[in-house]
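In this note's numbering, the protein residues as written are 423 to 844.
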Ligand SMILES: Cc1cc2nc3c(=O)[nH]c(=O)nc-3n(C[C@H](O)[C@H](O)[C@H](O)COP(=O)(O)O)c2cc1C
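Okay, here's the thing in structure tokens:
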């Protein structure tokens, strides 16, 4: 019997469960489809995803950059903070609903934009979007995605945001903004942390390229992963045709012997280009990839509605700081501008630490994509449910009834001693 729980005699059904029962992992697991039953935490999706995908594709998703120092920090930083729970607080009315840009979401987290998603799993972008909509959380469609932005918006008109990389020229910026607005999006996320391409050595080592180049090595990898070959590659090809990069630059197939994906020259981009976008885009405009509080101030002064503090999941500048470390300073500098955060969130406690440090909302990347790859929309719903349940349980144990009650008083440095001199 679990500590603190009385024995239940009648068979459990979701409706018959008390809130105390629902928080036990055993009963929660018993209520999900058998193939997801051992997916007890977000990290549990990674191993099945590794088995499912050909190595070049899994490596592209999982990888960081150069020595993966930032990638590792994104996780370890959370362990540098300890939680200090309060007791005998009535937490029976707890809710994690969060208001963001005028909409109330069921959870304080959403899904980060990820390019190439539909290469990892069949209809990856659509499954992420549908699951997000079903669970009432936002999903950000990547500009480097393989599904037309219009299709995702039509499938999930309330919960999809669109992420763009700033195109290099004014005309391209204008065209892109017009297209995104015409599709009906109301929130546009501009990712600014790729002025130049990242040194993704792991892609070279694993044989990943965009577009993928047909080769014996790739063919053998595909044959060695028959479930992906049948369930994602061939299924996509026969039902939807060859996937293309649909939303950024010239339309390019995801696999080609000779096609070259035209990449915009971005190293000259500056705040004047952002100003142009701000003038053109009437909806909410969010900048993703800010790590310096001075940039947060500039973003606010130039009219950004929000920023996502992010190091791109450790995929751009290696040894760049983890967002959690700079979050407090950025929140202090941001004034009334909405501050969100991603990179490394895997647990409810991670999300709550970021929220306690002042983030209004957080986003999760890779685990959601692994879930989409191995179990489609149901997998993503399950992943969202796991994180939601963790946050609910953690709030209960911390003594918080709402996200606004989660604050810095609940945190201390993991290795400090309260009151110990020096
Ligand atoms: C496979 C993959 C593709 C990504 N593509 C994009 C992208 O197109 N645009 C973008 O802004 N960020 C992109 N990112 C970064 C994510 O939006 C996000 O910042 C990061 O994954 C969060 O870290 P996490 O995976 O540790 O949760 C990508 C990340 C991954 C894993």
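Ideal Cβ positions, reconstructed from N, Cα and C, are used throughout, including at glycine.
From a predicted model like this one, the values you see are computed outputs, not experimental measurements.
Exercise. CB residue 846 to CB residue 486, shorter than 8 Å?
Worked result: The structure shown has nothing for residue 846, since the chain only spans 423 to 844.
Exercise. What's the gap between the Cα of residue 423 and the Cα of residue 542?
Worked result: Here residue 423 refers to the residue found at position 1 of the chain shown. Here residue 542 refers to the residue found at position 120 of the chain shown. Per-residue confidence for residue 423 stands at a pLDDT of 42, beneath the threshold of 50, marking its modelled position as unreliable; no derived number is given.
For this session: Evaluate residue 496 with the Cβ neighbour count: other Cβ atoms within 10 Å of its Cβ, from every protein chain shown; 16 or more gives buried, anything less gives exposed.
Result: In the chain shown, residue 496 corresponds to position 74, counting from 1. Buried.
Exercise. When we look at the beta-carbon of residue 687 and count the other beta-carbons within 10 Å, is it buried (16 or more) or exposed?
Worked result: Indexing the chain shown from 1 puts residue 687 at position 265. Classification for residue 687: exposed.
Exercise. Closest by CA to residue 717, which one among 731, 816, 526 and 628?
Worked result: By one-based count along the chain shown, residue 717 stands at place 295. Out of 731, 816, 526 and 628, 731 has the C-alpha closest to the C-alpha of residue 717.
Exercise. Which residues in the same chain have their Cβ closer than 8 Å to the Cβ of residue 625, if we skip the five residues on either side of it in sequence?
Worked result: Sequence index remark: in the chain shown, residue 625 carries index 203 (1-based). Answer for residue 625: 478, 481, 482, 485 and 631, listed in chain order.
For this session: Give the straight-line distance between the Cα atoms of residue 531 and residue 553, rounded to the nearest whole angstrom.
Result: Looking up residue 531 in the chain shown gives position 109. Looking up residue 553 in the chain shown gives position 131. Cα to Cα, residue 531 sits roughly 13 Å from residue 553.
Exercise. By DSSP, does residue 570 sit in helix, in strand, or in coil?
Worked result: Counting from one through the chain shown, the residue named residue 570 turns up at place 148. It is coil, neither helix nor strand.
Exercise. When the Cβ atoms of the stretch 701-715 are set against those of the stretch 597-611, are three or more pairs found closer than 8 Å?
Worked result: yes
Exercise. Can you find a heavy atom of ligand 1 that lies under 7 Å from the Cβ of residue 734?
Worked result: In the chain shown, residue 734 corresponds to position 312, counting from 1. Yes.
Problem set entry | Contact belief for residue 564 with residue 535 at Cβ below 8 Å, rounded distance in angstroms | Here residue 564 refers to the residue found at position 142 of the chain shown. Here residue 535 refers to the residue found at position 113 of the chain shown. Contact flag correct, Cβ pair sits at about 4 Å.
Exercise. Mind checking whether residue 463 and residue 808 have CB atoms under 8 Å apart?
Worked result: Counting from one through the chain shown, the residue named residue 463 turns up at place 41. Counting from one through the chain shown, the residue named residue 808 turns up at place 386. Cβ distance < 8 Å, so residue 463 and residue 808 count as in contact.
Problem set entry | Helix, strand or coil at residue 525 according to DSSP, with G and I counted as helix | The residue you call residue 525 lines up with position 103 of the chain shown. Residue state, collapsed to three classes: strand.
Problem set entry | Distance cut-off 7 Å: residue 536 Cβ against heavy atoms of ligand 2 | Among the ligands present in this structure, namely ligand 1, ligand 2 is not found.
Exercise. Which word fits residue 663, buried or exposed, when buried means at least 16 other C-beta atoms lie within 10 angstroms of its C-beta?
Worked result: The sequence position of residue 663 within the chain shown is 241, counting from 1. When all chains shown are included, residue 663 counts as exposed.
Exercise. Which two residues bound the contiguous beta strand (DSSP E) that contains residue 711?
Worked result: Taking the first residue of the chain shown as 1, we reach residue 711 at position 289. That run of the beta strand (DSSP E) goes 706-712.
Exercise. Thinking C-beta only, is residue 562 closer than 8 Å to residue 699?
Worked result: The residue given as residue 699 occupies position 277 in the chain shown. The residue given as residue 562 occupies position 140 in the chain shown. No, these two residues do not count as a Cβ contact at 8 Å.
Problem set entry | Nearest candidate by alpha-carbon position, reference residue 527, set 815, 454, 559 and 829 | Here residue 527 refers to the residue found at position 105 when the chain shown is read from its first residue. Of 815, 454, 559 and 829, the residue nearest in Cα terms is 559.
Exercise. Is the Cβ of residue 531 closer than 8 Å to any Cβ of chain B?
Worked result: This model lacks chain B altogether; it includes just one protein chain.
For this session: Since I believe residue 834 is in contact with residue 504 (beta carbons under 8 Å), could you give me their beta-carbon distance rounded to a whole number of angstroms?
Result: Your numbering for residue 504 matches position 82 in the chain shown. Your numbering for residue 834 matches position 412 in the chain shown. Confirmed, about 5 Å.
For this session: Determine, using beta-carbon pairs with one atom in the stretch 710-725 and one in the stretch 746-756, whether at least three such pairs fall under 8 Å.
Result: yes
Problem set entry | Unbroken stretches of the beta strand (DSSP E), 3 residues or longer, contained in the stretch 491-556 | 503-505, 520-522, 525-527 and 531-533
Exercise. Just to confirm, does residue 564 get its C-beta within under 7 Å of one of the non-hydrogen atoms of ligand 1?
Worked result: One-based indexing of the chain shown puts residue 564 at position 142. Result yes, Cβ under 7 Å from ligand 1.
For this session: Count the C-beta pairs between the stretch 822-829 and the stretch 789-806 that are closer than 8 Å, then say yes if the count reaches three, no if not.
Result: no
Exercise. If we count the other Cβ atoms within 10 Å of its Cβ and call it buried at 16 or more, is residue 669 buried or exposed?
Worked result: The residue given as residue 669 occupies position 247 in the chain shown. By the 10 Å Cβ count, residue 669 comes out buried.
For this session: Report yes if the C-beta distance between residue 667 and residue 683 is below 8 Å; otherwise report no.
Result: Here residue 667 is taken as the residue at index 245 of the chain shown, counted from 1. Here residue 683 is taken as the residue at index 261 of the chain shown, counted from 1. For residue 667 and residue 683, yes; Cβs fall inside 8 Å.
Exercise. Expressed to the nearest angstrom, what Euclidean distance is found between the alpha-carbon atoms of residue 773 and residue 728?
Worked result: Here residue 773 corresponds to residue number 351 of the chain shown, with the count starting at 1. Here residue 728 corresponds to residue number 306 of the chain shown, with the count starting at 1. Each residue's Cα considered, the two are about 18 Å apart.
For this session: Measuring alpha carbon to alpha carbon, tell me which of 813, 832, 798 and 475 ends up nearest residue 458.
Result: As a position in the chain shown, residue 458 is number 36, starting the count at 1. Of the listed residues, the one whose Cα sits closest to residue 458 is 798.
Problem set entry | residue 642 - DSSP class collapsed to helix/strand/coil | Here residue 642 corresponds to residue number 220 of the chain shown, with the count starting at 1. Reduced to three states, the DSSP call for residue 642 is helix.
Exercise. Who are the Cβ neighbours of residue 749 in its own chain at under 8 Å, not counting the five residues just before and after it?
Worked result: Position 327 of the chain shown holds residue 749. So the list reads 731, 761, 763, 776, 779, 780 and 781, once near-sequence residues are dropped.
Exercise. To which residues of the same chain is residue 621 closer than 7 Å at the C-beta, ignoring the five residues directly before and after it?
Worked result: Here residue 621 refers to the residue found at position 199 when the chain shown is read from its first residue. Contacts found: 487 and 488.
Exercise. Would a C-beta distance cut-off of 8 Å place residue 811 and residue 801 closer than the cut-off?
Worked result: Counting from one through the chain shown, the residue named residue 811 turns up at place 389. Counting from one through the chain shown, the residue named residue 801 turns up at place 379. Their beta carbons are not under 8 Å apart, which means residue 811 does not touch residue 801 by this criterion.
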